[in-house]
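What follows is a set of notes on a single structure, which appears directly below.
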Amino acid sequence: MKPTIALIYVPYDSGKAGERCGRAPLRAAAAGIAGRLRQLGDVREHIIMHAGGYTTEGATAFDLARQLSRAVAQARDEGAFPLILAGDCVASVGALSGMGGTRPGVVWLDAHADYNTADSSETGFLGGMPVAILTGDTYRAAAATVP
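Heads up, the sequence shown is in my numbering, so the first residue is 497 and it goes up one at a time.
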């Protein structure tokens, strides 16, 4: 029996749709990633978008995380493998939250440090804080809104 793959696109970078690294997920879609994955199993595609337009990086990022968490949880509940293509490391908050469990494991491979906090960051760049968000060391109130 072939697996079902839930291919979830989050085409954002720094709270902005389709800019910089946020272009990559939809470029992968246009290049035919779903068709290639269909060789492995059934593929369902889903695009996560922020409905309210740009507000702030944080508001947009946590809205996307909430949506992504629900999409990953739904895929998991339906027995599908969630494969997420995102342009921003903050998507990890929604991805991990959607997987459920009380003691998840994470292997973090990235080109830069992502364990800054709101207090330790000189720039306030949210994309440099996802590991600190995941561990509860920063943005606790906003992270608590992610199911």
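Built from N, CA and C at the ideal position, the CB exists for glycine as well.
Whole angstroms is fine: what's the gap from residue i's alpha carbon to residue j's?
i      : j      : result
Ala640 : Met595 : 15 Å
Ala571 : Ala502 : 6 Å
Ser593 : Val642 : 7 Å
Ser616 : Met497 : 49 Å
Ala638 : Leu622 : 12 Å
Thr634 : Glu541 : 32 Å
Gly624 : Ala609 : 7 Å
Asp573 : Gly601 : 19 Å
Val506 : Arg599 : 25 Å
Gly537 : Glu618 : 45 Å
Ile629 : Ala576 : 26 Å
Relative to the alpha-carbon of residue i, which residue among the options has its alpha-carbon at the smallest distance?
i      : options                           : result
Gly632 : Glu618, Thr619 and Tyr611         : Tyr611
Ala567 : Phe558, Ala582, Gly548 and Ile544 : Ile544
Thr613 : Ala525, Gly518 and Pro626         : Pro626
Gly554 : Tyr508, Leu522 and Arg599         : Tyr508
Ala607 : Gly620, Arg599 and Cys585         : Cys585
Across which residues does DSSP place residue i in a beta bridge pair?
i      : result
Asp606 : DSSP, once it has assigned bridges, lists no residue as partnering Asp606.
Val506 : Ala582
Glu541 : Leu503
Lys512 : Asp509
Phe577 : Ile501
Kindly give me the distance between the Cβ atoms of residue i and residue j, rounded to whole angstroms, as I take these residues to be in contact under 8 Å.
i      : j      : result
Arg587 : Ile580 : Residue identity differs from the one stated: residue 587 is Ala in this sequence, not Arg. Their Cβ separation, rounded to whole angstroms, is 6 Å, which keeps Ala587 and Ile580 in contact under 8 Å.
Thr552 : Gly511 : 7 Å
Ala520 : Gly597 : Incorrect: roughly 28 Å between the Cβ atoms, too far for contact.
ask   = If we count Cβ pairs, one from each stretch, closer than 8 Å, do we get three or more for the segment 559–570 versus the segment 523–535?
value = Result no; under three Cβ-Cβ pairs closer than 8 Å.
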